[in-house]
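**Q** Just so you know, we're using this note's numbering here: the sequence shown kicks off at 3 and counts up by one.
Every residue gets a Cβ at the ideal spot worked out from N, C-alpha and C, and that includes glycine.
Have a look at this one before I ask anything.
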Amino acid sequence: MESRREEESLKALYKDAFHIGAAVNPLTIDSQRSLLAYHFNSLTAENEMKFSSLHPEENLYTFENADVIAAFAREQGMALRGHTLVWHNQTPDWLFENETGGKAERDLLLERLRSHIQTVVGRYKDVIYCWDVVNEVISDENDESAFLRPSKWLDIAGEDFIAKAFEFAHEADPQALLFYNDYNESNPHKRERIYRLVRSLLDQGVPIHGVGLQAHWNLYDPTLDDMRAAIERYAQLGLQLQLTELDVSVFRFDDRRTDLTRPEKGMLELQAERYESIFRLLYEYREHISAVTFWGAADDYTWLDHFPVRGRKNWPFLFDESHAPKPAYERVAQIPKRAAMEKK
Ligand code: GLA
């Protein structure tokens, strides 16, 4: 058992600004239970609601793990984000094949998508208030003419699988807030493509309510100016914004070192400064931002322990491996407190 927590709760400190969320899985809702309950008021399933996890074969749905997470959110009275309905990864091959093993026809693919969305969104209607409907369809290519990422979705159904997915989700749960979600969202080229996609969906009358900025960041990238420019640009769409997968890796993206077994001197201080400037920015734009979700909760469990460098440990969060607050927590906690004092 963990001892009683003495620091102030993040969800309480930020209650007038935005939800504080964490990605979880069936193991971490147990191993990080008291940390989650104390600091967070929103959850996202790390993998358990993706297509392959829920629907591995055409006639087989596997809801067990997703149900466990939904039950935890209900029990704790936490908000739950759905993640994710359409993606090029973690999606089974059967979806794109017809009965004879050839490429599925467009109508067949869209009908399968509709039926999947009806089933999944319908099942969690009572607890999931928003969905990442479409994840990562924008290209990262530098080539000026690049726009959408090549994928089986695009190949078979053409561009409008995106609009269709939003329409199906809206049909399945008219109350749910529907998001487009992507990474490298602060890169100026990609930002403009994301903006263009969402703008065109809005112009077509597609039901879309939010933009998810994944925010897989590190100590050095992106720059604060690029983050700010991205927030301002997406806010021009008139939609709500959320940071959906925030983590601050202590390594540059192309840093391959594997020698560290704990953070190097100075890293945690740099990370604290970085988190402070990030949360200042988010707090400043709180009218546009409805939730900030970390892609994990504490440094004992992060997908960055394996990616992009196999077996390398990382320390991207506000809480350490034993769930104690890091210097970064202290700095993030100060921001709303200071703002409240200045108001008086
Ligand atoms: C993307 C996806 C997430 C997750 C991360 C890596 O950002 O949206 O669901 O898979 O990659 O963990």
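Which residues in the same chain as M3 place their Cβ atom closer than 7 Å to its Cβ, once the five residues preceding and following it in sequence are excluded?
**A** Taking the sequence shown and counting its residues from 1, one reaches residue 3 at position 1. Legend: pLDDT at M3 = 47, less than 50; position of this residue unreliable, no value from coordinates given.
**Q** Using only alpha-carbon positions, find the residue among K192, Y126, N186, R114 that is nearest to E146.
**A** Taking the first residue of the sequence shown as 1, we reach residue 146 at position 144. Ranking the options by Cα distance to E146, first place goes to K192.
**Q** Could you tell me which uninterrupted alpha helix (DSSP H) segments, each at least 4 residues in length, are contained entirely in the stretch 180-232, listed from first to last along the chain?
**A** For the stretch 180-232, whole alpha helix (DSSP H) runs of length 4 or above, ordered along the chain, are 190-205.
**Q** According to DSSP, simplified to helix, strand and coil, what is Q120?
**A** On the sequence shown, position 118 is the one that residue 120 refers to. If DSSP states are grouped into helix, strand and coil, Q120 belongs with the helices.
**Q** Would A19 be called buried (16 or more neighbouring beta carbons within 10 Å of its own) or exposed?
**A** Translated into positions along the sequence shown, residue 19 becomes position 17. By the neighbour-count rule (16 or more Cβ atoms within 10 Å), A19 is buried.
**Q** Taking its Cβ as the centre, do 16 or more other Cβ atoms sit within 10 Å of S292, making it buried, or is it exposed?
**A** For the purposes of this step, residue 292 is identified with residue 290 of the sequence shown, where counting begins at 1. Buried, by the Cβ-count rule.
**Q** Give me the Cβ distance between A24 and G214, rounded to the nearest whole Å; I'm assuming they're in contact under 8 Å.
**A** As a first step, residue 24 is located in the sequence shown; it is residue number 22 there, counting from the start. As a first step, residue 214 is located in the sequence shown; it is residue number 212 there, counting from the start. Actually they do not touch by this definition, with Cβ atoms about 15 Å apart.
**Q** Indicate the three-state DSSP secondary structure (helix, strand or coil) for Y126 in the structure shown.
**A** As a first step, residue 126 must be located in the sequence shown, where it is residue number 124. Coil at Y126, not helix or strand.
**Q** Give a single yes or no on whether N137 has its beta carbon closer than 7 Å to a heavy atom of the ligand GLA.
**A** Position 135 of the sequence shown holds residue 137. Yes.
**Q** Can we count L303 as close to the ligand GLA, meaning its CB is less than 7 Å from some heavy atom?
**A** If you number the sequence shown from 1, residue 303 lands on position 301. The residue you asked about is not Leu; residue 303 is Tyr in the sequence shown. No - the ligand GLA has no heavy atom lying nearer than 7 Å to the Cβ of Y303.
**Q** Unbroken beta strand (DSSP E) runs of length 3 or more, entirely within the stretch 273-302: which are they?
**A** If we require 3 residues or more, the beta strand (DSSP E) runs fully inside the stretch 273-302 come out as 291-296.
**Q** To the nearest angstrom, how far is it from the Cα of P209 to the Cα of F168?
**A** Translated into positions along the sequence shown, residue 209 becomes position 207. Translated into positions along the sequence shown, residue 168 becomes position 166. When rounded, the distance between both Cα atoms is 6 Å.
**Q** Between which two residues does the alpha helix (DSSP H) containing I71 stretch?
**A** Locating residue 71 in the sequence shown gives position 69, where the first residue counts as 1. Taken as a continuous stretch (DSSP letters only), the alpha helix (DSSP H) holding I71 covers 66-78.
**Q** Does the distance between the C-beta of Y182 and the nearest non-hydrogen atom of the ligand GLA fall short of 7 Å?
**A** As a first step, residue 182 must be located in the sequence shown, where it is residue number 180. It does not: the Cβ of Y182 is nowhere closer than 7 Å to a heavy atom of the ligand GLA.
**Q** Return the first residue and the last residue of the alpha helix (DSSP H) that Q336 is part of.
**A** Working through the sequence shown from its first residue, we reach residue 336 at position 334. That run of the alpha helix (DSSP H) goes 329-345.
**Q** Taking a contact to mean a Cβ-Cβ separation below 8 Å, would you say V311 touches T260 in this structure?
**A** Here residue 311 refers to the residue found at position 309 when the sequence shown is read from its first residue. Here residue 260 refers to the residue found at position 258 when the sequence shown is read from its first residue. Their beta carbons are under 8 Å apart, which means V311 touches T260 by this criterion.
**Q** Kindly say whether E275, judged by its beta-carbon, lies nearer than 8 Å to any beta-carbon of chain B.
**A** No chain B appears in this structure, which consists of one protein chain only.
**Q** Quick one: grab the DSSP three-state call for S324.
**A** Position 322 of the sequence shown, counted from the start, is the residue given in the question as residue 324. S324 falls in the coil class under three-state DSSP.
**Q** With DSSP as the reference, please indicate the residues paired to D249 in a beta bridge.
**A** For the purposes of this step, residue 249 is taken as the residue at position 247 of the sequence shown. D249 is bridged to H218.
**Q** Cutting at 6 Å between CB atoms, please list the residues of its own chain near S11, excluding the five before and the five after it.
**A** The residue you call residue 11 lines up with position 9 of the sequence shown. Only Y40, H41 meet the Cβ criterion.
**Q** Between W219 and D249, what straight-line distance do the alpha-carbon atoms span, to the nearest angstrom?
**A** Residue 219 sits at position 217 when you count from the first residue of the sequence shown. Residue 249 sits at position 247 when you count from the first residue of the sequence shown. The alpha-carbon atoms of W219 and D249 are separated by roughly 6 Å.
**Q** Are T64 and S55 touching if we call contact CB-CB under 8 Å?
**A** The count along the sequence shown starts at 1 and reaches residue 64 at position 62. The count along the sequence shown starts at 1 and reaches residue 55 at position 53. Yes, Cβ-Cβ distance for T64 and S55 is below 8 Å.
**Q** Does DSSP put T260 in a helix, a strand or coil?
**A** As a first step, residue 260 must be located in the sequence shown, where it is residue number 258. Looking at T260 - three-state DSSP - the assignment turns out to be coil, as it is neither helix nor strand.
**Q** May I have a chain-ordered list of the beta strand (DSSP E) segments no shorter than 3 residues that lie completely inside the stretch 31-65?
**A** Taking only runs of at least 3 residues, the beta strand (DSSP E) segments lying wholly in the stretch 31-65 are 44-47.
**Q** Cα separation between Q216 and L245?
**A** Walking along the sequence shown from the start, residue 216 turns up at place 214. Walking along the sequence shown from the start, residue 245 turns up at place 243. Their backbone Cα atoms lie some 6 Å apart in a straight line.
**Q** Give me the Cβ distance between V88 and W133, rounded to the nearest whole Å; I'm assuming they're in contact under 8 Å.
**A** Residue numbering aside, residue 88 sits at position 86 when the sequence shown is read from its first letter. Residue numbering aside, residue 133 sits at position 131 when the sequence shown is read from its first letter. Going by Cβ atoms, the distance from V88 to W133 rounds to 10 Å, so no, they are not a contact pair.
**Q** Mind checking whether the beta-carbon of E50 lies closer than 7 Å to any heavy atom of the ligand GLA?
**A** Start at 1 with the first residue of the sequence shown, and residue 50 comes out as number 48. No - the ligand GLA has no heavy atom lying nearer than 7 Å to the Cβ of E50.
**Q** Please classify T304: is it buried, with 16 or more other beta-carbons within 10 angstroms of its beta-carbon, or exposed?
**A** The count along the sequence shown starts at 1 and reaches residue 304 at position 302. Buried.
**Q** For K166, name the three-state secondary structure that DSSP assigns.
**A** In the sequence shown, residue 166 corresponds to position 164, counting from 1. It is helical.
**Q** For the ligand MN, is there any heavy atom lying closer than 7 Å to the beta carbon of H90?
**A** Looking at this structure, you won't find the ligand MN anywhere; what it does contain is the ligand GLA.
**Q** Hey, out of K346, E344, A335, M343, whose CA is closest to L15's CA?
**A** Translated into the one-based positions of the sequence shown, residue 15 becomes position 13. The shortest Cα separation from L15 among K346, E344, A335, M343 belongs to A335.
**Q** Could you check the C-alpha separation between D256 and R235 for me, to the nearest Å?
**A** For the purposes of this step, residue 256 is identified with residue 254 of the sequence shown, where counting begins at 1. For the purposes of this step, residue 235 is identified with residue 233 of the sequence shown, where counting begins at 1. If you take the alpha carbons of D256 and R235, they lie about 28 Å apart.
**Q** In whole angstroms, give me the CA-to-CA distance for V200 and Y182.
**A** Reading the sequence shown from its first residue, position 198 is the one you call residue 200. Reading the sequence shown from its first residue, position 180 is the one you call residue 182. Roughly 8 Å between the two C-alpha positions.
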